[in-house]
Amino acid sequence: MKKSHLIAILLAAGISLVTSGASNAGCAVPGNASELAAQAGRLLNGERAKSGRKSLGVDSRLAAAAQAHACDMAVKGYFSHRGQNGSKPKRRLQQQGCRGGLVAENIAVGQTDPRELVRDWMASPGHRKNMLLGRGVERYGLGVAKAGRAYSHGYMWVLVISRGC
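Start counting the sequence shown at 1; every next residue gets the next number (this note's numbering).
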């Protein structure tokens, strides 16, 4: 598959590959990243429906911020809501052209199946709260990268939920 075709598929699914910048050089994105993100999104919206919440739509800027953070953590071998450059979720969204506002971020590492990922997040009170936010939340973005040198297997996941950009 041509790189341009793969990028078009990922962008259609709301995932952006971060191809420039030293911080993400060497980021390994799973070949089925768009499928993983789409399935996780369906599961997220399924959980929201069970709780009487509206479905969220994919926002490419939120997905770009999530993907960049997943890659940064995977390449640099850390796991935190704070980037090694000191960035926090809201700042990473601003770098994608989003204004400030309500932002929630879930991160996970190790899971290779979106069902396992969403189940784990729903079992954690803080992650569950983020996934079921109401208050005008309408959009999400999800990033996934191969976990990298600090972890022996699985993927690095980042979910960003916001009122949008």
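Yeah, the Cβ is synthetic: ideal placement off N, Cα and C, and Gly gets one too. All values reported here derive from a predicted model rather than from experimental measurement.
Residue interval of the alpha helix (DSSP H) (run including residue 35)
33 to 50
Please list the terminal residues of the continuous alpha helix (DSSP H) segment that includes residue 147.
Premise fails: residue 147 is in no alpha helix (DSSP H) and is neither H nor E.
Would DSSP call residue 141 helix, strand or coil?
strand
Inter-residue spacing [alpha-carbon to alpha-carbon] between residue 119 and residue 32
20 Å
On the DSSP letters alone, give me the boundaries of the alpha helix (DSSP H) that residue 62 sits inside.
60 to 76
Limits of the alpha helix (DSSP H) - the one that residue 130 falls within
125 to 131
Taking the CB atoms as reference points, tell me whether residue 43 and residue 114 lie closer together than 8 Å.
yes
Check residue 102 in the structure and name its three-state DSSP category.
coil
Backbone secondary structure at residue 29 - three-state DSSP
coil
According to DSSP, simplified to helix, strand and coil, what is residue 56?
coil
Can you tell me where the beta strand (DSSP E) with residue 80 in it begins and where it stops?
It is not in any beta strand (DSSP E) - residue 80 carries neither H nor E in the DSSP assignment.
CB residue 28 to CB residue 142, shorter than 8 Å?
no
Ordered along the chain, which non-local residues of its own chain (more than five positions away) have a Cβ less than 7 Å from that of residue 163?
101, 102, 136, 137, 138
Check this for me: beta carbons of residue 84 and residue 76, under 8 Å apart or not?
yes
Between which two residues does the beta strand (DSSP E) harbouring residue 151 extend?
First-last for residue 151: undefined, no H or E at that position.
Buried/exposed call for residue 99, threshold 16 Cβ in 10 Å:
exposed
Nearest neighbour of residue 165, chosen from 65, 158, 106 [CA to CA]
65
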